[in-house]
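Per full-length UniProt numbering, the sequence shown starts with residue 1, numbered consecutively. Don't be surprised by glycine CBs; every beta carbon is placed ideally from N, CA and C. What follows is a short report on a single structure.
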Amino acid sequence: MSLSLRAQRILLTGAAGGIGRELARELASRGARLGLLGRTDASVASLEHLVATQRMDAVVIQADLTDAAARRAAVARMTQAYGGLDVLINLAGVLDFRFFDEVDPAMITRALQVNVEAPMQMVREVLPDLLDRGTGRIVNVGSTFGSIGYAGFAAYSASKFALRGFSQALRRELDGTGVGVTYVAPRAVRTAFNPPAVHLMAEKKMMHMDEPAWVASSIVRAIERERSEAYLGFPESLFARINGVLPSMVDNALRKVLPDLARHARSTV
Numbered sequence: 001m002s003l004s005l006r007a008q009r010i011l012l013t014g015a016a017g018g019i020g021r022e023l024a025r026e027l028a029s030r031g032a033r034l035g036l037l038g039r040t041d042a043s044v045a046s047l048e049h050l051v052a053t054q055r056m057d058a059v060v061i062q063a064d065l066t067d068a069a070a071r072r073a074a075v076a077r078m079t080q081a082y083g084g085l086d087v088l089i090n091l092a093g094v095l096d097f098r099f100f101d102e103v104d105p106a107m108i109t110r111a112l113q114v115n116v117e118a119p120m121q122m123v124r125e126v127l128p129d130l131l132d133r134g135t136g137r138i139v140n141v142g143s144t145f146g147s148i149g150y151a152g153f154a155a156y157s158a159s160k161f162a163l164r165g166f167s168q169a170l171r172r173e174l175d176g177t178g179v180g181v182t183y184v185a186p187r188a189v190r191t192a193f194n195p196p197a198v199h200l201m202a203e204k205k206m207m208h209m210d211e212p213a214w215v216a217s218s219i220v221r222a223i224e225r226e227r228s229e230a231y232l233g234f235p236e237s238l239f240a241r242i243n244g245v246l247p248s249m250v251d252n253a254l255r256k257v258l259p260d261l262a263r264h265a266r267s268t269v
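Here it is in structure tokens:
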């Protein structure tokens with residue numbers, strides 16, 4: 001099956017980030033009508049400039065996705081602009097790289113609020129209308145670390161495991177309704193989302209990083225092909241599958257890099 005994105009009304013959270021901007025460009029190039037969400041004044045200004053320079057058919061919406069009223073207002077603004085929406089893409093997220101005994105407790109709360117609760121609540125906000133019309137798609141952007149619990153990313157991994165489980169359960173729940181669910185799991189991406197220590201680890205070949213434009217185009221392909229799941233980047237996509245069946249193999253592989261990884265994680269301030 002193939003989904004044409006022309007004239008599709010797509011609400012994209014996290015639109016101001018490195019992947020989000022590239023994703024907005026990809027979607028706009030296919031003729032989609034976009035609602036681009038940013039949280040801060042700076043992100044909104046950046047998105048407005050992007051829309052103007054790229055001549056996108058888009059509205060820019062400021063919203064803190066951890067606030068229920070802001071979520072409702074964002075969906076209402078999209079409905080006001082385009083009469084509703086056809087696709088929700090939950091991209092916004094937060095990440096903290098450090099060993100768990102050093103994690104700020106407030107960061108644990110924020111990771112769960114932004115990476116898990118906000119996407120679930122956004123889905124809950126738009127789902128009744130999609131079900132009434134019998135069509136639409138929910139796209140949740142997770143992570144390879146939502147399948148592989150990785151040292152230094154305990155809170156992040158926990159939140160992405162939860163998002164993956166939610167996506168799987170929701171997809172099965174919506175079977176036969178006309179509303180589809182796509183879960184996309186990139187590996188590390190070369191953006192400011194990742195702290196300097198993670199970029200340094202990539203330079204030392206301790207992990208791989210992809211360019212945001214490639215990730216964005218891969219997300220769009222997954223949507224167009226109406227895929228249930230898409231794991232991006234090899235060999236991480238393979239390790240994600242192996243970890244589900246033989247986690248001890250992944251334990252042994254990661255044990256070898258743990259001392260170096262610890263030096264990077266514990267040097268993060």
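Nearest-angstrom Cα separation, counted from residue j out to residue i
i	j	result
leucine 57	leucine 36	According to the sequence as given, residue 57 is aspartate; it is not leucine. Whole-angstrom Cα-Cα distance: 10 angstroms.
isoleucine 89	arginine 187	18 angstroms
leucine 127	glycine 176	14 angstroms
phenylalanine 99	alanine 154	8 angstroms
glycine 31	aspartate 41	27 angstroms
lysine 160	leucine 254	19 angstroms
arginine 172	alanine 185	18 angstroms
glycine 136	proline 259	46 angstroms
alanine 81	serine 46	20 angstroms
alanine 63	alanine 265	31 angstroms
residue 271	asparagine 140	In the structure displayed, the chain extends from 1 to 269; residue 271 sits before or after that span and is not available.
glycine 83	valine 51	20 angstroms
alanine 216	alanine 74	23 angstroms
leucine 93	alanine 169	A small correction: the amino acid at residue 93 is glycine; leucine does not occupy that position in the sequence shown. Going by the C-alpha atoms only, they are around 20 angstroms apart.
leucine 91	methionine 120	12 angstroms
glycine 14	threonine 182	17 angstroms
methionine 107	leucine 65	16 angstroms
threonine 79	isoleucine 242	42 angstroms
valine 44	leucine 23	16 angstroms
leucine 11	leucine 95	22 angstroms
arginine 9	glycine 180	15 angstroms
arginine 165	valine 189	The question names arginine, yet the displayed sequence has glycine at residue 165. Spanning the two alpha carbons is a distance of roughly 22 angstroms.
residue 277	alanine 111	Nothing about residue 277 can be read from this structure; the chain reaches only from 1 to 269.
valine 220	leucine 174	21 angstroms
glutamate 229	phenylalanine 193	23 angstroms
Burial state of residue i, where buried means 16 or more other Cβ atoms lie within 10 Å
i	result
alanine 16	buried
alanine 240	buried
leucine 109	According to the sequence provided, residue 109 is threonine. The question's leucine does not apply to it. So threonine 109 counts as exposed.
valine 269	Residue placement at valine 269 is poorly supported in this model, since its pLDDT is 41, which falls under 50; the coordinates still yield a value, given next. It is exposed - the Cβ of valine 269 has fewer than 16 other Cβ atoms within 10 Å.
phenylalanine 234	exposed
asparagine 115	buried
arginine 134	According to the sequence shown, residue 134 is glycine rather than arginine. Glycine 134 comes out exposed.
serine 29	exposed
threonine 53	exposed
aspartate 132	exposed
leucine 85	buried
alanine 118	buried
asparagine 252	exposed
serine 4	exposed
valine 60	buried
glycine 142	buried
serine 157	buried
serine 2	exposed
valine 245	exposed
arginine 21	buried
glutamate 236	buried
glycine 178	exposed
proline 212	buried
arginine 39	buried
leucine 238	exposed
Nearest residue (CA-CA) to residue i, options the options
i	options	result
alanine 68	Val123, Arg33, Ile108 and Asp129	Val123
arginine 71	Pro105, Arg263, Arg98 and Gln113	Gln113
proline 247	Ala162, Ser147 and Ser228	Ser147
aspartate 210	Ala158, Gln8 and Gly18	Gly18
arginine 263	Tyr156, Phe97, Ala63 and Leu23	Phe97
tyrosine 150	Leu65, Gln62, Lys256 and Arg39	Lys256
leucine 163	Val179, Gly178 and Ile138	Ile138
isoleucine 223	Leu11, Val87 and Gly152	Val87
arginine 55	Glu125, Pro212, Arg225 and Glu26	Glu26
glutamate 102	Ala76, Leu174, Ala24 and Gly152	Gly152
threonine 191	Val179, Gly178, His208 and Gly180	His208
tyrosine 231	Leu174, Ala213, Phe145 and Pro212	Phe145
aspartate 129	Gly165, Ala111, Ala76 and Glu48	Ala76
Residue i CB to nearest heavy atom of the ligand MN below 7 angstroms
i	result
arginine 21	Only the bare structure without any ligand can be found here, which leaves the ligand MN out of the picture.
Neighbour flag for residue i against chain B, beta carbons, 8 angstroms
i	result
glycine 180	You won't find chain B in this structure, because it holds only one protein chain.
- [ ] Please list the segments of the alpha helix (DSSP H) lying wholly inside the region 101–149, counting only runs of 4 or more residues, in order along the chain.
- [x] 105–112 and 118–133
To test your reading of the DSSP string, which unbroken alpha helix (DSSP H) runs of 4 or more residues are found completely within the region 50–95? 68–82
Self-check item: Ordered list of alpha helix (DSSP H) runs contained in the region 219–260, each at least 4 residues
Solution: 236–245 and 247–255
Which complete alpha helix (DSSP H) runs does the region 143–186 hold, if anything under 4 residues is left out? 154–173
For a minimum of 4 consecutive residues, which ranges assigned as the alpha helix (DSSP H) are wholly contained in the region 12–57? 18–29 and 41–54
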